[in-house]
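All residue numbers for the sequence shown refer to UniProt numbering, where the first residue is 1 and numbers rise by one.
Below is one structure, written out as structure tokens; comments come after it.
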Amino acid sequence: MPHRLFAEHLRLSAAAVALLSGMAAFPMERAIAQTATELPPLPVDAETSTEYRTQSTTTLEGEALAARRAFVSDTAAVLGTIPGVDSATGGGVSGLPTVRGLGDDRNRVLIDGMPLSSACPNHMNPATSYIDPSRIGSIDVVAGITPVSQGGDSSGSTIAVKSASPVFAAPNEGVHTEGSLSSFYRSNARTLSGAVSGTVATEDVSLGYTGSGVRARNYQDGNGNRVGVSQYAALNHAATLAARGDGTLFTLQGGQQFIPYEGYPNQRMDLLWNRSTFLNSSLNKAFDWGTLETRLYWQKVEHFMNFLPEKSATGSMPMYTAGRDLGYSVKGEIPLTATDLLRVGHELHSTTLNDWWPAAGMMGPNTFINIKDGSRDVFGTYAEWQRSWSPQWTTLFGLRNDTVLMNAGRVQGYSSMATYAADAAAFNARDHHTTDINFDVTGLVRFEPASDSTYEAGLSRKTRSPNLYERYSWSADGMASSMVTWFGDGNGYIGDVNLKPETAYTASISGDWHDEARDDWGIKATPYITYVRDYIDVDKVKDYTGRPARTGFSLYRFANHDALLYGVDLGGRKRLAVSESYGRFDLTGALGWVQGERLNTGDSLYHLMPINAKIGLDQKIGRWSNGIEARLVGRSTDVSTLRHQPVTPEYAVFDLRSSYDIEVIRVDFGITNLFDTQYYAPLGGVDYIGFSQSGWSQPYGPLASPGRSFNAGLTVRF
């Protein structure tokens with residue numbers, strides 16, 4: 001059934017492919033001769049404003065992105081080369097990014113400026129899942145201390161994913177057309193994916209389309225064992241209309257994503273349907289007094305969970321979620337003097353959510369209402385002052401207020417049995433409306449004593465209010481509560497209406513040393529410490545008993561406890577050699593180390609990466625680019641005993657990649673997990689599918705990661 005749904009939806013792409021095939025009919029020589037003009041960088045008097053780049057901001061674009069598209073289908077996985085950034089295992093396109101020990105909703109994730117919410121009790125549709133890697137133009141990760149103009153309603157970092165900029169015709173070119181077709185194959189899981197793009201543009205108007213699709217079967221681990229229910233499929237469509245002139249840029253985007261199935265070997269449930277539709281408009285205009293950016297966006301999500309046949313051949317537990325994100329943002333940049341810049345802005349992000357589970361089998365006769373008429377409205381206002389005191393000294397100070405209004409309606413269980421009735425009555429008897437008035441403050445000082453070094457120190461206060469599931473999940477029943485978890489751990493969770501927002505106080509200092517041309521070598525080090533007041537953690541309610549499927553797991557209630565995190569991110573690069581015969585050789589490296597604990601117990605915080613490093617050796621000669629990368633991860637000895645977090649052993653995994661790129665064709669090939677190493681990602685969760693397929697007889701352990709895969713990709717540009 002999932003494969004038929006995928007095939008039927010794939011036919012909807014035929015018209016787009018035919019259109020691009022028509023574009024391909026233009027003579028190849030003419031296509032090469034044409035040159036498109038992308039939107040220029042962002043001077044203050046142009047179409048968009050500038051943003052302050054902290055020393056802890058990393059940008060992925062160009063070749064750094066292109067080199068990874070042949071190897072991943074998940075945007076969260078693209079971030080893995082950045083110091084301090086990792087991804088918790090979800091489905092094949094739905095990893096959950098973590099930055100410096102803070103993951104998922106603790107980070108503000110923007111997709112083309114839209115702060116999208118997960119509409120699922122398992123967070124199977126995080127924000128990064130809504131954009132395919134083939135569509136990405138750039139990714140900015142602002143780790144730790146974040147300017148208030150780029151943050152809001154988060155205690156961690158900001159991840160801004162942007163699609164490729166619209167393309168316009170060059171002066172006097174007339175009508176410009178271009179397009180591309182891509183196909184990728186990965187042997188492990190027999191993953192086949194493709195992407196298509198096309199643009200028709202004049203000097204002032206641009207119309208573009210992008211589409212992509214992927215289908216993967218179950219992957220094999222390093223021992224050659226098949227990991228059940230790890231298959232997935234996804235289709236994405238997006239169109240962009242842009243117009244510019246007189247210092248104005250207007251962009252309108254619209255699109256749809258369809259995921260017919262996505263298996264979760266570390267969860268009880270699987271995704272069997274996810275359809276999202278979005279509209280996103282922006283207007284950027286330059287005035288005599290500065291620049292103004294406005295955005296209006298909307299997204300609707302229809303989500304369905306149940307069991308893939310391999311997880312349960314006969315059972316059924318339908319679970320539906322309907323979510324909607326709606327919002328706007330207004331941002332102004334005003335140069336007060338030649339050295340002073342003021343940023344002011346106002347934002348609204350409104351989320352609604354309904355989560356219901358129809359009766360099935362012995363569960364009934366009622367529909368279980370997990371969250372009814374859930375709403376979460378965030379009103380944000382900020383002001384930020386940037387001043388250049390001298391060529392060496394720059395400061396940034398900002399203040400932000402986010403007012404968060406939340407509410408939810410009445411609920412009911414599958415029946416009037418005591419296991420549901422008491423919890424539902426207690427929840428319905430109380431007031432569900434909450435108002436959080438949160439304040440963020442950021443201060444940064446940058447010092448550039450010479451052209452070969454930069455230092456930056458900062459302090460910040462950042463606040464995040466609970467999400468809808470953290471406040472409004474209500475049933476302590478073993479089955480119902482175990483359906484609410486985005487940790488891939490087999491445990492169950494219930495909410496608390498009285499949860500307080502968590503407030504993170506962070507101090508960090510960053511040093512960046514490099515040669516004057518920033519071409520030969522560079523080293524960056526950023527130590528940091530974060531104290532989180534009212535960190536949203538858990539209290540244990542009980543151990544599950546009576547059902548083999550829940551043996552060894554527990555029920556928890558979300559609760560506030562103070563926490564402390566500290567660590568360091570290191571990054572470096574060095575030009576090793578340049579030769580006419582062998583090309584250029586570069587060595588790159590990144591190291592992340594983070595520790596965290598709950599202060600009242602000393603227990604380690606959940607899902608922290610152990611010490612880890614990434615080392616790469618790159619060669620480039622002519623149109624060839626080659627590289628070998630090593631991922632080195634230590635043993636995860638500091639785990640949360642409260643939540644039965646499994647220990648994972650240390651490992652080293654090596655990847656090879658190579659590409660050949662001319663103006664009209666790019667060929668990628670490589671090998672991931674070169675030596676077919678059996679390893680377990682520390683953020684991979686538990687092997688729930690292995691536990692269930694053993695008949696609940698063997699102890700569960702960590703989920704095994706994919707083994708060796710031979711990968712190839714081909715992109716043709718017209």
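All C-beta atoms in this analysis are idealised placements derived from N, C-alpha and C, irrespective of residue type, glycine included.
It should be emphasised that the depicted structure is a prediction, and the values quoted were computed from it without experimental measurement.
| query | result |
| --- | --- |
| With 16 other CB atoms within 10 Å as the buried threshold, where does P171 fall? | exposed |
| Of the choices S705, I671, G690, whose alpha-carbon is the least far from that of S187? | I671 |
| Enumerated in chain order, which unbroken segments of the beta strand (DSSP E) with a length of 3 residues or greater are wholly contained in the stretch 534–591? | 554–579 |
| Leaving out five residues before and five after P706 in sequence, what residues of the same chain have Cβ atoms less than 6 Å from its Cβ? | N188, Y219 |
| Taking the straight line between their C-alpha atoms, what separation do you get for T146 and N107? | 11 Å |
| Under a Cβ-count criterion, where at least 16 other Cβ atoms within 10 Å of its own Cβ denotes burial, should S625 be classed as buried or exposed? | buried |
| Using beta-carbon positions only, say whether V141 and S157 come within less than 8 Å of one another. | yes |
| Put I136 into one of helix, strand or coil per three-state DSSP. | strand |
| Would G208 and T240 be called neighbours here (beta carbons separated by less than 8 Å)? | yes |
| Below 8 Å CB to CB, which residues in the same chain sit around R623 once its five sequence neighbours on both sides are set aside? | Y660, D661, I662 |
| Short of 6 Å in beta carbon distance, which residues of its chain neighbour Y493, apart from the five on each side in sequence? Order them along the chain. | V484, T485, Y556 |
| At what residues does the beta strand (DSSP E) containing D74 begin and finish? | Careful: D74 lies outside any beta strand (DSSP E) and carries neither H nor E. |
| Can the beta-carbon of residue 750 be found closer than 8 Å to that of L714? | With the chain represented from 1 up to 718, any question about residue 750 goes unanswered, as that position is not in the structure. |
| Fully enclosed by the stretch 446–534, which beta strand (DSSP E) runs are 3 residues long or longer? | 453–464, 492–494, 502–514 |
| Could you check whether I131 and residue 724 sit closer than 8 Å to each other, using their CB atoms as the reference points? | Outside the shown range of the chain (1 to 718) lies residue 724, about which nothing can therefore be said. |
| May I ask you to check if the CB of Y261 is nearer than 7 Å to at least one heavy atom of the ligand ZN? | Of the ligands one can find in the structure shown there are none, so the ligand ZN has no counterpart to examine. |
| Going by DSSP, name the residue or residues bridged to A383. | V344, L399 |
| How do the stretch 361–368 and the stretch 339–351 stand: do at least 3 beta-carbon pairs fall below 8 Å, yes or no? | no |
| Inspect the beta-carbon positions of T677 and Q55 and report whether they are closer than 8 Å. | no |
| Who are the near neighbours of R708 in its chain, counting only those whose CB is closer than 6 Å to its CB and skipping five residues on each side? | N673, D676 |
| Going straight from the alpha carbon of T367 to that of T75, what length do you get? | 35 Å |
| My understanding is that L272 touches N306, with C-beta atoms under 8 Å, so please give their C-beta distance in whole angstroms. | 5 Å |
| Comparing C-alpha positions only, which one of S604, S206, A681 sits nearest to H644? | S604 |
| Within 10 angstroms of the Cβ of V85, are there 16 or more other Cβ atoms? Answer buried if so, exposed if not. | buried |
| The alpha helix (DSSP H) spanning I689 covers which residue range? | 688–693 |
| Nearest to V301 by alpha carbon, out of G290, A504, P126, G495? | P126 |
| Using the Cα positions of V594 and Y544, report the straight-line distance between them to the nearest angstrom. | 32 Å |
| Throw me the rounded Cβ distance for the G139 and V229 pair, which I believe falls under 8 Å. | The sequence given here has Ile at residue 139, not Gly. About 29 Å; that fails the 8 Å criterion. |
| Measure the C-alpha to C-alpha separation of G103 and L570 and round it to an integer number of angstroms. | 20 Å |
| To which residues of the same chain is T419 closer than 6 Å at the C-beta, ignoring the five residues directly before and after it? | D477 |
| Going by DSSP, which residues form a beta bridge with N407? | S375 |
| From the DSSP output, which residues share a beta bridge with I665? | V716 |
| In angstroms with no decimal places, state the Cα-to-Cα distance between V93 and M269. | 16 Å |
| Should E293 and R343 be called a contact, given that it needs their Cβ atoms to be closer than 8 Å? | no |
| Say whether the stretch 381–401 touches the stretch 415–431, bearing in mind that this needs 3 or more beta-carbon pairs closer than 8 Å, one atom from each stretch. | no |
| I need the boundaries of the beta strand (DSSP E) containing residue 722, first residue and last residue. | Nothing about residue 722 can be reported from this structure: the residues present for the chain run from 1 to 718 only. |
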